[in-house]
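Keeping their order, the protein sequence lines are chains A and B.
So the number in the numbering used here is just where the residue sits in the first sequence, counting from 1, plus 17.
So the number in the numbering used here is just where the residue sits in the second sequence, counting from 1, plus 27.
Note that the Cβ used here is the ideal one computed from N, Cα and C, for glycine as well.
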Amino acid sequence: MMRDAFLKSLTSLAANDKNVVLLTADLGFGVFEEFESRFPGQYFNVGVAEQNMTGLAAGLSLEGKRVVTYSIANFPILRCLEQIRNDACYHDANITVVASGGGFSYGSLGMSHHATEDLAILRALPNMSVVAPCTAKEAGEAITAMIQGGGVNYLRLDKTVAADSSFESPFVIGKSRRYKEGDDITLIAIGGILDDANIASMELKKLGINARVVGMHSIKPIDKDEIIDAAINTGGIVTIEEHNKDGGLGSAISEICMDNAVMPKKFLRIGLDNMYSSIVGSQQYLRSRYEMDSKAIIKKVLNLLKS
Amino acid sequence: MINIKQSKQLSNNIRKHAVTMTSLGGSSHIGSILSIADILAVLYSSVLKYKSDNPKWASRDRFILSKGHAGAGVYAALAESGFMSIDILKTHYQDGSDLSGHVSHKGIPGVELSTGSLGHVLPVAAGMALAAKIDKNKHRVFVLMSDGECDEGSNWEAILFSSHHKLDNLVAIIDRNRLQSIHSTEDTLALEPFADKWRAFGWEVMEVDGHDHDELFIALDKVKTSRNKPLCVISNTIKGKGVSFMEDQTLWHYRSPQGDEYDAAISELEKNDA
């Protein structure tokens, strides 16, 4: 699980640096008990109060701490968005905001718990990195990069993950990873839904289509070179995100293409179409329901290539 | 001890600078600034530990203006206290200036935090106070808030947190002038019984005349970090204090003193000069 990998890395960071402080807004039952007992003075459950949590993080950071704020879904970002903007970003704070439960991770809990605009909203903020790891291992690598690199970061943790893969180069915020080679089309996914892109590429291969698969774990900063390469050297780009399309991964990739005057031969954004879901269900059910799972990806890629 | 003469002169200088700054820039909030001039003067003349030639001195007391709209008062206090040249004050609110209408830390030595959106500072200050506790540092954290901004729920989150964690190195000073931007606090969203609310949330509360330098000094200088409670000093003030035609008038939350009004305000304040 992404959360376990995140916590394992954070525990190691906290053991090595007493200035690493974890704040939670009363979420993490059965998760943080060991951290709390091992690191007194480095863990505070601040109660159900996200605005105060984020302000506290800014104050602690201005005094030299490296702070993680933690909650689930939209709670650590939207309730306290202005604190993130004014108190964290404008003050060059060292704060990593962690939301457990990206996209439809908490699909059955209802609309309040569907985090489907977070990437767009946070990538609008200057002085901030926005990362949604694709694999469990990446979640651990991401928190390490964030704490060590400093600054204000957002880390979105999904319930479901793509399979880990071995890469020679280390994890770098803003540098994507290529999971499969191919040049008929490029599938670019953010977050655990990369799993569906991987499955789709295997099925497409059986149909004679070689799809490149890119895990774009960072939406801000974003890997410009990989996007331009896909636009120029493959048959087109399909973006996949468990997120509303407006302002999300597909938007960010479109911006890169237009800013650099490269036109993909084909282009399609797969994601939510400007909507909230009143329908509930598991993460995988909702991916299927909103046509962003592997089956939908295959169908849409075939249609795109025919068009 | 407080040097009353020095503190009084500082408050009058802050008032004169603020009237001039808001007049030159055509900016708002002169009433809100005049309201806190005595509090700022007592803090900067007699209470806060700081080194104006080393604004980031680690053992300094932290002071943050939460009612950022009265930033001109802080800029004036900082300039009068040696953090920057008094000449810079003239650039307040002007094209290309660092001295924004709401207080900014960028490019301005001595400002801990940029503010302007109400309800942000008490949480940040609680974080600073918590850090001092964790690191066993002895400095104190002072926040100057408006009464109107106690409408903001974020403040009450921080009020709960600060007493729960016994942050007795944290002081919230309330500029209790009873006026907010359109009507009185009590007609807008009643705060009374105000002191009781803070007490019920676990804070020690003192009520003072916010224009009496002795009373302010006694309340603020006696901050001990062994009470196990954060301290709230409710300073009863008059918005626009010091310029008779601005006193207790909501009009002067937004109006900028120009022409005859400017001359009359400065002339009245100059009579208080030693």
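Rounded distance between the beta-carbons of residue j and residue i, thought under 8 Å
| i | j | result |
| --- | --- | --- |
| THR177 of chain A | GLN301 of chain A | 7 Å |
| ALA105 of chain A | ALA75 of chain A | 5 Å |
| SER93 of chain B | MET172 of chain B | 4 Å |
| LYS266 of chain B | SER62 of chain B | 5 Å |
| ALA116 of chain A | ALA141 of chain A | That pair is no contact at about 16 Å. |
| LEU40 of chain A | MET70 of chain A | 5 Å |
| GLY95 of chain B | VAL46 of chain B | Wrong, their Cβ atoms sit about 19 Å apart, outside the cutoff. |
| ARG197 of chain B | ALA152 of chain B | Per the sequence shown, the amino acid found at residue 197 of chain B is Leu instead of Arg. Confirmed, about 6 Å. |
| SER73 of chain B | ASN40 of chain B | Contact doesn't hold; Cβ gap of about 15 Å is too wide. |
| LEU211 of chain A | CYS274 of chain A | That pair is no contact at about 21 Å. |
| VAL318 of chain A | ALA217 of chain A | 7 Å |
| ILE66 of chain B | GLY237 of chain B | 6 Å |
| ALA185 of chain B | LEU149 of chain B | 4 Å |
| GLY264 of chain A | ALA137 of chain A | 3 Å |
Best match in the options for proximity to residue i [C-alpha to C-alpha]
| i | options | result |
| --- | --- | --- |
| ALA85 of chain B | B:GLU139, B:HIS238 and B:LEU92 | B:GLU139 |
| TYR293 of chain A | A:ALA180, A:PHE121 and A:ARG83 | A:PHE121 |
| GLN59 of chain A | B:GLY58, B:VAL148, B:ILE161 and B:THR118 | B:ILE161 |
| MET163 of chain A | A:SER235, A:GLU134, A:SER117 and A:PHE284 | A:SER235 |
| PHE221 of chain B | B:GLY267, B:SER79 and B:ASN263 | B:ASN263 |
| LEU321 of chain A | A:ALA137, A:ILE254 and A:GLU258 | A:ILE254 |
| ASN215 of chain A | A:TYR307, A:LYS192 and A:ASP181 | A:ASP181 |
| ALA199 of chain B | B:VAL250, B:SER124 and B:VAL260 | B:VAL260 |
| PRO57 of chain A | A:GLY47, A:ASP21 and A:LYS35 | A:LYS35 |
| GLN68 of chain A | B:LEU116, B:LEU187 and B:ASP125 | B:LEU187 |
| ASP240 of chain A | A:GLU259, A:SER146, A:LYS223 and A:SER117 | A:SER146 |
| ILE112 of chain A | A:SER186, A:GLY208 and A:LYS82 | A:LYS82 |
| ASN261 of chain A | A:CYS97, A:ILE287, A:MET275 and A:GLU243 | A:ILE287 |
| VAL230 of chain A | A:SER311, A:LEU27 and A:LEU44 | A:SER311 |
| LYS154 of chain A | A:LYS25, A:GLY298, A:SER305 and A:ASN291 | A:LYS25 |
| GLY303 of chain B | B:SER55, B:ASN182 and B:CYS177 | Since the displayed chain B opens at 28 and closes at 301, residue 303 of chain B lies outside it and no answer follows. |
| GLU134 of chain A | A:GLY157, A:GLY124, A:LEU95 and A:GLY127 | A:LEU95 |
| SER108 of chain B | B:MET48, B:GLN33, B:THR215 and B:ARG282 | B:GLN33 |
| THR212 of chain B | B:HIS191, B:GLY175 and B:ASP241 | B:GLY175 |
| PRO143 of chain A | A:ARG173, A:GLU99, A:LEU174 and A:LYS222 | A:GLU99 |
| LEU303 of chain A | A:LEU73, A:VAL114, A:GLY119 and A:VAL85 | A:GLY119 |
| ASN33 of chain A | A:GLY47, A:GLU50, A:PHE49 and A:ARG55 | A:ARG55 |
Per-residue contacts from residue i into chain B (C-beta, under 7 Å)
| i | result |
| --- | --- |
| ALA75 of chain A | VAL151 and GLY154 |
| GLY58 of chain A | ILE161 |
Within chain A, partners of residue i - CB distance below 9 Å
| i | result |
| --- | --- |
| ALA185 of chain B | ALA66, GLN68, ASN69, GLY72 and LEU73 |
| PHE228 of chain B | Per Cβ cutoff of 9 Å: no residues; PHE228 of chain B is ~13 Å from chain A at best. |
| SER141 of chain B | ASN103, ASP104, TYR107 and HIS108 |
| SER173 of chain B | Neighbours of SER173 of chain B on chain A: none; closest Cβ ~17 Å, over 9 Å. |
| VAL127 of chain B | Sequence check: residue 127 of chain B is Ser here, not Val. By Cβ distance, chain A contributes nothing, its closest Cβ being about 12 Å from SER127 of chain B, past 9 Å. |
| SER55 of chain B | Those within 9 Å of SER55 of chain B in chain A number zero; the least Cβ separation is about 20 Å. |
Beta-carbon neighbours of residue i, restricted to chain A and to distances below 8 Å
| i | result |
| --- | --- |
| LEU157 of chain B | PHE61, LEU73, GLY76 and LEU77 |
| PHE188 of chain B | VAL63, GLY64, ALA66, ASN69 and LEU73 |
| SER93 of chain B | Simply none; closest approach about 11 Å. |
| SER144 of chain B | GLU99 and ASN103 |
| HIS147 of chain B | GLY72, GLU99, GLN100, ASN103 and ASP104 |
| SER108 of chain B | Ordered by position in chain A, no residue passes the 8 Å Cβ test against SER108 of chain B, which lies about 21 Å from the chain. |
| SER59 of chain B | The premise fails here: SER59 of chain B is roughly 19 Å from chain A at the closest Cβ pair, so nothing lies under 8 Å. |
Within chain B, partners of residue i - CB distance below 9 Å
| i | result |
| --- | --- |
| ASN91 of chain A | Simply none; closest approach about 17 Å. |
| GLY45 of chain A | The contacting residues do not exist; GLY45 of chain A stays about 18 Å from chain B at best. |
Identity of the residues DSSP links to residue i by a beta bridge
| i | result |
| --- | --- |
| GLY120 of chain A | A:ALA132 |
| LYS237 of chain A | A:VAL147 |
| LYS197 of chain A | A:VAL230 |
| ILE257 of chain A | A:ALA206 and A:ILE287 |
| SER88 of chain A | A:ALA116 |
| ASN170 of chain A | A:THR113 and A:SER146 |
| SER262 of chain B | B:ASP202 and B:VAL235 |
| GLN47 of chain B | Before going further, note that residue 47 of chain B is Thr rather than Gln in the sequence given. According to DSSP, which records beta bridges pairwise, THR47 of chain B is partnered with nothing at all. |
| VAL37 of chain A | A:ARG83 |
| ALA179 of chain A | A:THR152 |
| ILE91 of chain B | B:VAL170 |
| GLY224 of chain A | A small correction: the amino acid at residue 224 of chain A is Leu; Gly does not occupy that position in the sequence shown. Note: LEU224 of chain A sits in no beta bridge, so no partner. |
Contacts of residue i in chain A (Cβ-Cβ under 7 Å)
| i | result |
| --- | --- |
| SER86 of chain B | Here the premise fails: no neighbours, minimum Cβ distance about 12 Å. |
| SER124 of chain B | Here the premise fails: no neighbours, minimum Cβ distance about 17 Å. |
Contacts of residue i in chain B (Cβ-Cβ under 8 Å)
| i | result |
| --- | --- |
| GLU80 of chain A | GLY154, MET155, ALA158, ALA159 and ASP162 |
heavy atom of the ligand HEM below 7 Å from residue i C-beta
| i | result |
| --- | --- |
| GLU295 of chain B | For the ligand HEM, the structure offers nothing, since it holds no ligand at all. |
*Taking the runs of the alpha helix (DSSP H) that are 4 residues or longer, which of them lie wholly in the stretch 202 to 243 of chain B?*
212 to 215 and 221 to 227
*For the stretch 51 to 81 of chain A, which segments carrying the beta strand (DSSP E) assignment without a break, of at least 3 residues, lie completely within its bounds, in sequence order?*
Scanning the stretch 51 to 81 of chain A from its first residue to its last, the whole beta strand (DSSP E) runs of 3-plus residues come out as 60 to 62.
*Tell me the start and end of each unbroken beta strand (DSSP E) in the stretch 154 to 183 of chain B that is at least 3 residues and wholly inside, in chain order.*
168 to 173
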